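The numbering used here applies: residue 361 is where the sequence shown begins, and numbers increase by one.
To start, the structure itself, in structure tokens.
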Amino acid sequence: MNPRLPEAARGIALINALFILVVLAMLGAFMASMSTVQQATPGQSASGTRVYHGAKTGLEWGIQRAVAQGLCDASTSFTLAEQGLNGVALTVTCASTAHGTSSVYYLTSKATVGGLGGPTYAERRMEATVSNLP
361 MNPRLPEAAR GIALINALFI LVVLAMLGAF MASMSTVQQA TPGQSASGTR
411 VYHGAKTGLE WGIQRAVAQG LCDASTSFTL AEQGLNGVAL TVTCASTAHG
461 TSSVYYLTSK ATVGGLGGPT YAERRMEATV SNLP
């Protein structure tokens with residue numbers, strides 16, 4: 361009995377080995393991409409939470425000014441400096457219509473953080489309609 365494999369069997373073994381190497385390389389690349397996604401997700405989630413609370417803060421600020429003080433600026437932009445919301449850019453817009461002795465205010469608050477197109481960019485927009493009816 362000859363312990364050597366025939367020529368055809370050696371060719372098949374080489375093809376099988378190459379196939380296994382390609383599959384393992386693809387699996388490794390997939391695992392590396394999943395690791396990158398898992399590392400980026402918490403930062404993106406934090407950015408989303410910051411802009412949500414920033415937009416909510418801007419909307420509440422605009423409602424307070426409109427209803428309590430009767431001030432309705434067409435557009436006001438500023439950056440928050442409070443802990444946790446530091447660096448969140450806000451734009452609050454207001455439009456009003458008079459109805460007799462009362463007014464209806466339409467407010468929009470847009471909060472952004474990070475650079476547009478960057479990995480930490482997030483944006484949130486909230487709207488509210490309020491009035492100062494007695």
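From the three backbone atoms N, C-alpha and C, an ideal C-beta is built for every residue, glycine too.
Owing to the predicted nature of the structure, the values given are computational and were not obtained by experimental measurement.
Helix, strand or coil for residue 384 per DSSP?
Secondary structure at residue 384: helix, using DSSP grouped into helix, strand and coil.
Could you check where the beta strand (DSSP E) with residue 483 kicks off and where it finishes?
Element bounds for residue 483: 482 to 491.
Test item: CB-CB of residue 467 and residue 423 under 9 Å
Contact: yes.
Per DSSP, which residues does residue 416 bridge with? Please list them.
The bridge partners DSSP lists for residue 416 come to none.
Alpha carbon to alpha carbon, what distance is there between residue 470 and residue 459?
Inter-residue distance for residue 459 and residue 470 is about 27 Å (C-alpha atoms, whole angstroms).
In this structure, does DSSP put residue 468 in helix, strand or coil?
Residue state, collapsed to three classes: strand.
Tell me which residues share the same chain as residue 361 and place their Cβ nearer than 6 Å to its Cβ, disregarding the 5 neighbours each side in the sequence.
Low local confidence applies: a pLDDT of 44 at residue 361 is under 50, so the model's placement there is unreliable, and no value is given.
Coarse secondary structure for residue 377, derived from DSSP in three states:
If DSSP states are grouped into helix, strand and coil, residue 377 belongs with the helices.
I'd like the span of the beta strand (DSSP E) that includes residue 455, first residue to last.
Counting along the chain, the beta strand (DSSP E) containing residue 455 begins and ends at 449 to 459.
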